[in-house]
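What follows is one structure encoded as structure tokens, with my remarks underneath.
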DNA sequence: ATTAATTTAAAACACTCGTTTAAATTAAAC
DNA sequence: GTTTAATTTAAACGAGTGTTTTAAATTAAT
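Okay, here's the thing in structure tokens:
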């Protein structure tokens, strides 16, 4: 059989789908390689270990999304008035949806991977993200904090993680929820519609005054 | 050694702690039985399989929490004025905290189990809960809808699932988030503090006016 | 006290897992 | 075209998994 120089890509493509659907530890290397139609050992040859494959899958998205999100938020800074919280969150929508042009279902897969990473791995993925993309996260947190100056930093920390949970869980079950919504209320939303629904919800929660 | 009729309880007690901390699939039966100081085979003798053990662990909490939550919400109905959304959500706090008297760290363990169950199992636990505790869920949804009559049913459907995502994700990673919060802001929150933090967030999101 | 039903115990079973090895193949370099 | 390096392949390794089996011990009933 002819050699394929795209073995790495085939592995990454198969792995990200399975990881997003089933989680990291529930996805075996044998399932990945059979779906990718490559040899089992090629994972360890190209990536070294399963853990490093997981990081590579995430990095392929983060390397695109994080800079795009950063510049989108910095663009808001050039406006004469302070951007509202909803404007800041909305600025992330385009970078998020652009992932769909990177790969099919890219937006959904990315958000699901993010959620899995936060819950499954015992901190090593969180460490990976904060050390590799810390400055991008900083600009986001600073922008959000500036738009809601009445929220103390510690409170904002919690609310931003509430927000992460909202978006991640919603995306993980978006397909199932869409089916129910279509059957029960006769409305069908695509990913973008769901994202635009969730933004007001998150913006209201993040900026609600702290109880004394 | 003398026979112990509390072998089932010893298994359940050890299992729920480990399941909450590490997740279901990351917790082996050997780890559970060694921590419970019982024989490995006794799990399959008393519960049949690991999957049934997981359900038994969850049912032990749900059987207590669900009726208590239902009656707490129905009690609000007796008041002369319509309960606010925050009042409805707050009514769940006491049934939740009462689980701490059932077992040590009961509240934390229950919520983490719920989160793990929703994320790890692909819908199996969702089915288990809705079929076994559906009427309790109904009273909750009806009470919330009545408290926010300006939200159309279809929009409320989405927002309640946003809310589910918020609480589930937060509880699944509560320990990790608490560690970060302690390191970064020097504040350490118990589970009640986190619950009281998340309620205003969710209440604001659910009741925010729908964009025209 | 004897029998019967539970409960515990130790070991093995039949997998699956990530990883490694060593040979075969392909691509690149000279 | 030969040599060298990079890549792919098949097979096995060792450790870990849930589950089952078989026998012993304990408890309950007769």
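Chains as they are written, first to last, in the numbering used here: chain A, 1 to 212; chain B, 1 to 212. Quick reminder that beta carbons are idealized off the backbone N, C-alpha and C, glycines included. This structure is a prediction, so every number in the text was calculated from the model and none was measured.
Which residue wins for smallest C-alpha separation from residue i, given the options the options?
{"i": "residue 159 of chain B", "options": "B:46, B:44, B:10 and B:203", "result": "B:203"}
{"i": "residue 87 of chain B", "options": "B:33, B:12, B:15 and B:147", "result": "B:147"}
{"i": "residue 38 of chain B", "options": "B:57, B:176, B:48 and B:8", "result": "B:8"}
{"i": "residue 177 of chain B", "options": "B:29, B:194 and B:165", "result": "B:194"}
{"i": "residue 161 of chain B", "options": "B:133, B:69, B:126 and B:132", "result": "B:126"}
{"i": "residue 143 of chain A", "options": "A:59, A:69 and A:60", "result": "A:69"}
{"i": "residue 172 of chain A", "options": "B:172, B:173, B:165 and B:171", "result": "B:165"}
Please confirm whether residue i has its beta-carbon closer than 7 angstroms to some beta-carbon of chain A.
{"i": "residue 165 of chain B", "result": "yes"}
{"i": "residue 217 of chain B", "result": "Nothing about residue 217 of chain B can be read from this structure; chain B reaches only from 1 to 212."}
{"i": "residue 4 of chain B", "result": "Any reading at residue 4 of chain B is ruled out, since the residue's pLDDT is 47, under 50, leaving its predicted position unreliable."}
{"i": "residue 197 of chain B", "result": "yes"}
{"i": "residue 87 of chain B", "result": "no"}
{"i": "residue 127 of chain B", "result": "no"}
{"i": "residue 220 of chain B", "result": "Since the first residue of chain B shown is 1 and the last is 212, residue 220 of chain B is not available in this structure."}
{"i": "residue 201 of chain B", "result": "yes"}
Taking only the alpha-carbon atoms, compute the straight-line gap between residue i and residue j and give it to the nearest angstrom.
{"i": "residue 76 of chain A", "j": "residue 201 of chain B", "result": "25 angstroms"}
{"i": "residue 18 of chain B", "j": "residue 115 of chain B", "result": "14 angstroms"}
{"i": "residue 145 of chain A", "j": "residue 208 of chain A", "result": "13 angstroms"}
{"i": "residue 101 of chain B", "j": "residue 107 of chain B", "result": "9 angstroms"}
{"i": "residue 163 of chain A", "j": "residue 205 of chain B", "result": "10 angstroms"}
{"i": "residue 34 of chain B", "j": "residue 94 of chain A", "result": "51 angstroms"}
{"i": "residue 57 of chain B", "j": "residue 26 of chain B", "result": "16 angstroms"}
{"i": "residue 20 of chain A", "j": "residue 184 of chain B", "result": "30 angstroms"}
{"i": "residue 214 of chain B", "j": "residue 24 of chain A", "result": "The structure shown does not extend to residue 214 of chain B, since chain B is modelled only from 1 to 212, so the question has no answer here."}
{"i": "residue 153 of chain B", "j": "residue 181 of chain A", "result": "10 angstroms"}
{"i": "residue 65 of chain A", "j": "residue 99 of chain A", "result": "7 angstroms"}
{"i": "residue 156 of chain B", "j": "residue 210 of chain B", "result": "10 angstroms"}
{"i": "residue 49 of chain A", "j": "residue 121 of chain A", "result": "15 angstroms"}
{"i": "residue 71 of chain B", "j": "residue 130 of chain B", "result": "18 angstroms"}
{"i": "residue 79 of chain A", "j": "residue 150 of chain A", "result": "21 angstroms"}
{"i": "residue 139 of chain A", "j": "residue 85 of chain A", "result": "14 angstroms"}
{"i": "residue 167 of chain B", "j": "residue 62 of chain A", "result": "25 angstroms"}
{"i": "residue 73 of chain B", "j": "residue 14 of chain B", "result": "32 angstroms"}
{"i": "residue 135 of chain B", "j": "residue 189 of chain A", "result": "28 angstroms"}
{"i": "residue 137 of chain A", "j": "residue 55 of chain A", "result": "18 angstroms"}
{"i": "residue 198 of chain A", "j": "residue 117 of chain A", "result": "21 angstroms"}
{"i": "residue 89 of chain B", "j": "residue 30 of chain A", "result": "45 angstroms"}
{"i": "residue 47 of chain A", "j": "residue 52 of chain B", "result": "37 angstroms"}
{"i": "residue 192 of chain B", "j": "residue 128 of chain A", "result": "30 angstroms"}
{"i": "residue 169 of chain B", "j": "residue 196 of chain B", "result": "16 angstroms"}
{"i": "residue 42 of chain B", "j": "residue 28 of chain B", "result": "14 angstroms"}
{"i": "residue 22 of chain B", "j": "residue 67 of chain A", "result": "33 angstroms"}
{"i": "residue 91 of chain B", "j": "residue 104 of chain A", "result": "43 angstroms"}
Considering residue i, what are the terminal residues of the alpha helix (DSSP H) in which it resides?
{"i": "residue 29 of chain A", "result": "29-36"}
{"i": "residue 72 of chain B", "result": "50-76"}
{"i": "residue 167 of chain A", "result": "153-172"}
{"i": "residue 44 of chain A", "result": "41-47"}
{"i": "residue 13 of chain B", "result": "7-22"}
{"i": "residue 108 of chain A", "result": "106-119"}
{"i": "residue 135 of chain B", "result": "134-147"}
{"i": "residue 196 of chain B", "result": "191-207"}
{"i": "residue 95 of chain A", "result": "93-102"}
Does the beta-carbon of residue i have 16 or more other beta-carbons within 10 angstroms, so that it is buried, or is it exposed?
{"i": "residue 82 of chain A", "result": "exposed"}
{"i": "residue 119 of chain B", "result": "buried"}
{"i": "residue 112 of chain A", "result": "buried"}
{"i": "residue 11 of chain A", "result": "buried"}
{"i": "residue 187 of chain B", "result": "exposed"}
{"i": "residue 36 of chain B", "result": "buried"}
{"i": "residue 141 of chain B", "result": "exposed"}
{"i": "residue 175 of chain A", "result": "exposed"}
{"i": "residue 16 of chain B", "result": "buried"}
{"i": "residue 212 of chain A", "result": "exposed"}
{"i": "residue 40 of chain A", "result": "exposed"}
Would you say residue i lies against chain B (beta-carbon separation less than 7 angstroms)?
{"i": "residue 170 of chain A", "result": "yes"}
{"i": "residue 142 of chain A", "result": "no"}
{"i": "residue 118 of chain A", "result": "yes"}
{"i": "residue 183 of chain A", "result": "no"}
{"i": "residue 150 of chain A", "result": "no"}
{"i": "residue 134 of chain A", "result": "no"}
{"i": "residue 110 of chain A", "result": "no"}
{"i": "residue 106 of chain A", "result": "no"}
{"i": "residue 12 of chain A", "result": "no"}
{"i": "residue 188 of chain A", "result": "no"}
{"i": "residue 38 of chain A", "result": "no"}
{"i": "residue 19 of chain A", "result": "no"}
{"i": "residue 154 of chain A", "result": "yes"}
{"i": "residue 1 of chain A", "result": "Bear in mind that a pLDDT of 39 at residue 1 of chain A, under 50, signals an unreliable position, so the number given afterwards is only what the model happens to contain. No, because no Cβ of chain B sits closer than 7 angstroms to the Cβ of residue 1 of chain A."}
Between residue i and the ligand SAH, is the CB less than 6 angstroms from at least one heavy atom?
{"i": "residue 160 of chain A", "result": "The model depicted lacks the ligand SAH and carries no ligand whatsoever."}
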